[in-house]
Structure formats: structure tokens, C-alpha cells
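Data block below; observations after.
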Amino acid sequence: AQSVSQHNHHVILSEAASLELGCNYSYGGTVNLFWYVQYPGQHLQLLLKYFSGDPLVKGIKGFEAEFIKSKFSFNLRKPSVQWSDTAEYFCAVNGFGSGNTGKLIFGQGTTLQVKP
Amino acid sequence: KAGVTQTPRYLIKTRGQQVTLSCSPISGHRSVSWYQQTPGQGLQFLFEYFSETQRNKGNFPGRFSGRQFSNSRSEMNVSTLELGDSALYLCASSFQGQPNQPQHFGDGTRLSIL
Chain A
59 AQSVSQHNHH VILSEAASLE LGCNYSYGGT VNLFWYVQYP GQHLQLLLKY FSGDPLVKGI
119 KGFEAEFIKS KFSFNLRKPS VQWSDTAEYF CAVNGFGSGN TGKLIFGQGT TLQVKP
Chain B
43 KAGVTQTPRY LIKTRGQQVT LSCSPISGHR SVSWYQQTPG QGLQFLFEYF SETQRNKGNF
103 PGRFSGRQFS NSRSEMNVST LELGDSALYL CASSFQGQPN QPQHFGDGTR LSIL
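Here the protein sequences line up with chains A and B, keeping their order.
Using the working numbering, the first residue of the first sequence is number 59, and each one after it goes up by one.
Using the working numbering, the first residue of the second sequence is number 43, and each one after it goes up by one.
Right under this line is the structure:
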């Protein structure tokens, strides 16, 4: 079955620590990859996306992600987190042979808590 | 540019009732998708509409239905409500619903079933 897996459900870091959130998907075809963030009380916002080209993509607020096709992975990274990064992070994939549509399959989400 | 607008923000219903949720996409966006978000199941795709036609459907029972109007606004209906339908329902829009176009999400409608 088509699925997206996020390894960490709850991560607690101190400010200035480095962050890496794992995301794997189960599909060998062409996919489009996204990371969304949901800050407390706010709607889901796009952090970054990968469609093609350079597998290292940069997003907003200093986030970046690397697409490794051989590992079916799209991990999110940030060198130094801030308290304001406290939020829930979702990896999402579009593709899975769903045709020319916008259907997204989401991972379970990772709650990041940054301690000041 | 106004974002995706969902109404109402909160709803309380009882089992067996039906409910209609509304979504106004970003101006110019023609694709509207609906998702259900629960603590146990996470974010699950319900369906997508484009040019008033349902283009894709998730694995939800027939009690969940939707439609899209000529101005791209969309409604989602759930009939014979069950306790398990309590969730945050999110609407997302994109320009044409192409796979490489990001979805823009609304704040959601929180539905509680008593």
C-alpha cells in the first residue's frame, strides 16, 4: 500500500540544537515531496517542496530537505532550531500513481518541542 | 490575497444527524481537496474536486460526499454522523491540482459528535 512514514513522533530539543526529521515513502515511481508545518493554533503551511532537479532543497525559515531516491527518503533538517520552531511537522507525498491530481498522502506527523 | 476560508470553524452535532461544511478556495484556484485530521489516523485524504468534478476519492464510506460549484467553492457533506467522525476537517486549494503544485490549507472546521 502507498504510505509515508515519519520515524519520530515526538522530538524535544534545546535551542541551537540541530534537527533532522526522517521521512520515508513506499513507492518506486515519480513522486513530488513536501514538508508542511502546523504551528500551534495555525493552519498547515508549506515549508518546502521537491519536484525534480537538485535533491537538496531549501525552504523557509532556514529549513532544508534532501531527497535520496535510492532510500525513498526525504529528511528535513535545520542546523540550529529556535523556540519559535515548536510545531508539528508533516511529510507529504503526491504521486503514487494517482494521476494528474493534487492528492497528498501524509505521514503521521512529528511534534517538535524546542526548549528555550 | 485572501487564503482558504472554511466555515464554520466549530460544529457540534449528535449521532445520526448530517452536516455540511463549506470551503472557499484562494481566488483563481480551481482545485479543492478535503482532508480529515484525527489524533489516531493523522491526515487522511477524502476527495478532490476540479472544475465541478470529483477527480479523486479516498477510502471513506459513502456517507462522506462533496461537490464543487462553478465559482470553485466547495462543500462537504457527512450524513448519519457517527462518533468516529469527530475530527478536524481541512480544505486545501491549488491552482489546477497538478501534482507539483502545493496545496494551500484553511484553518479547518472542528466537528464534534456527541
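Backbone N, C-alpha and C define an ideal beta-carbon position, used for all residues, glycine too.
It should be emphasised that the depicted structure is a prediction, and the values quoted were computed from it without experimental measurement.
Exercise. Kindly say whether A:Thr159, judged by its beta-carbon, lies nearer than 8 Å to any beta-carbon of chain B.
Key: Translated into positions along the first sequence, residue 159 of chain A becomes position 101. Yes, because at least one Cβ of chain B sits closer than 8 Å to the Cβ of A:Thr159.
Exercise. With 8 Å as the threshold, decide whether the Cβ of B:Gln140 is near any Cβ in chain A.
Key: Here residue 140 of chain B corresponds to residue number 98 of the second sequence, with the count starting at 1. Closer than 8 Å to some Cβ of chain A, the Cβ of B:Gln140 qualifies, so yes.
Quiz prompt | Alpha carbon of B:Met118 to alpha carbon of B:Phe106, nearest angstrom | solution = For the purposes of this step, residue 118 of chain B is identified with residue 76 of the second sequence, where counting begins at 1. For the purposes of this step, residue 106 of chain B is identified with residue 64 of the second sequence, where counting begins at 1. Distance between the alpha carbons of B:Met118 and B:Phe106 is about 7 Å.
Quiz item: Just reading off the beta strand (DSSP E) that A:Trp93 is part of, what are its end residues?
Solution: To locate residue 93 of chain A, count along the first sequence from 1; it is residue 35. Residues Asn90 to Gln96.
Quiz prompt | Amino acids of chain A, ordered along the chain, whose beta-carbon sits closer than 9 Å to that of B:Asn113 | solution = Numbered from its first residue, the second sequence carries residue 113 of chain B at position 71. Those do not exist, as B:Asn113 stays about 19 Å from chain A at its closest Cβ, beyond 9 Å.
Self-check item: Under 7 Å (Cβ pairs) to chain B, residues found in the segment 96-122 of chain A
Solution: His101, Leu102, Leu104, Lys107 and Phe109
Exercise. Would you mind giving the Cβ-Cβ distance between A:Tyr83 and A:Val151, rounded to the nearest angstrom? I have them listed as a contact below 8 Å.
Key: By one-based count along the first sequence, residue 83 of chain A stands at place 25. By one-based count along the first sequence, residue 151 of chain A stands at place 93. A:Tyr83 to A:Val151, Cβ: 5 Å. Contact.
Quiz prompt | Enclosing beta strand (DSSP E) for B:Ile155 [first to last residue] | solution = Stepping through the second sequence from its first residue, residue 155 of chain B is reached at position 113. First-last of the beta strand (DSSP E) with B:Ile155: Thr151 to Ile155.
Quiz item: Any C-beta of chain A sitting closer than 8 Å to the C-beta of B:Glu157?
Solution: Nothing about residue 157 of chain B can be reported from this structure: the residues present for chain B run from 43 to 156 only.
Quiz item: Using a beta-carbon distance below 8 Å, is A:Ile70 in contact with chain B?
Solution: Within the first sequence, residue 70 of chain A is the residue found at index 12, counting from 1. No, no contact with chain B.
Quiz item: Since B:Glu124 sits in a beta bridge, which residues does DSSP pair it with?
Solution: Here the question's residue 124 of chain B lines up with position 82 in the second sequence. According to DSSP, B:Glu124 bridges with nothing at all.
Quiz prompt | Buried or exposed (CB count within 10 angstroms, at least 16 for buried), A:Asn133 | solution = Here residue 133 of chain A is taken as the residue at index 75 of the first sequence, counted from 1. Buried.
Quiz item: What do you get for B:Ile155, buried or exposed, if any count of 16 or more other CB atoms within 10 angstroms of its CB means buried?
Solution: In the second sequence, counting from the first residue as 1, residue 155 of chain B sits at position 113. Buried is the call here.
Exercise. Please confirm whether B:Glu90 and B:Gly150 have their CB atoms less than 8 Å apart.
Key: Here residue 90 of chain B corresponds to residue number 48 of the second sequence, with the count starting at 1. Here residue 150 of chain B corresponds to residue number 108 of the second sequence, with the count starting at 1. Contact flag unset, no.
Quiz item: Using CA coordinates, which residue listed in B:Gln59, B:Thr49, B:Leu53 and B:Gly70 is at the minimum distance from B:Thr122?
Solution: Mapped onto the second sequence, residue 122 of chain B falls at position 80. The shortest C-alpha separation from B:Thr122 is found at B:Gln59.
Quiz item: What is the rounded straight-line gap between the Cα of B:Ser136 and the Cα of B:Gly45?
Solution: Here residue 136 of chain B corresponds to residue number 94 of the second sequence, with the count starting at 1. Here residue 45 of chain B corresponds to residue number 3 of the second sequence, with the count starting at 1. The straight-line gap from Cα to Cα measures roughly 11 Å.
Quiz item: Between B:Gly148, B:Tyr52 and B:Tyr131, which lies nearest to B:Tyr160 when the distance is taken from Cα to Cα?
Solution: Coverage of chain B is limited to positions 43 through 156, which leaves residue 160 of chain B absent and any answer about it impossible.
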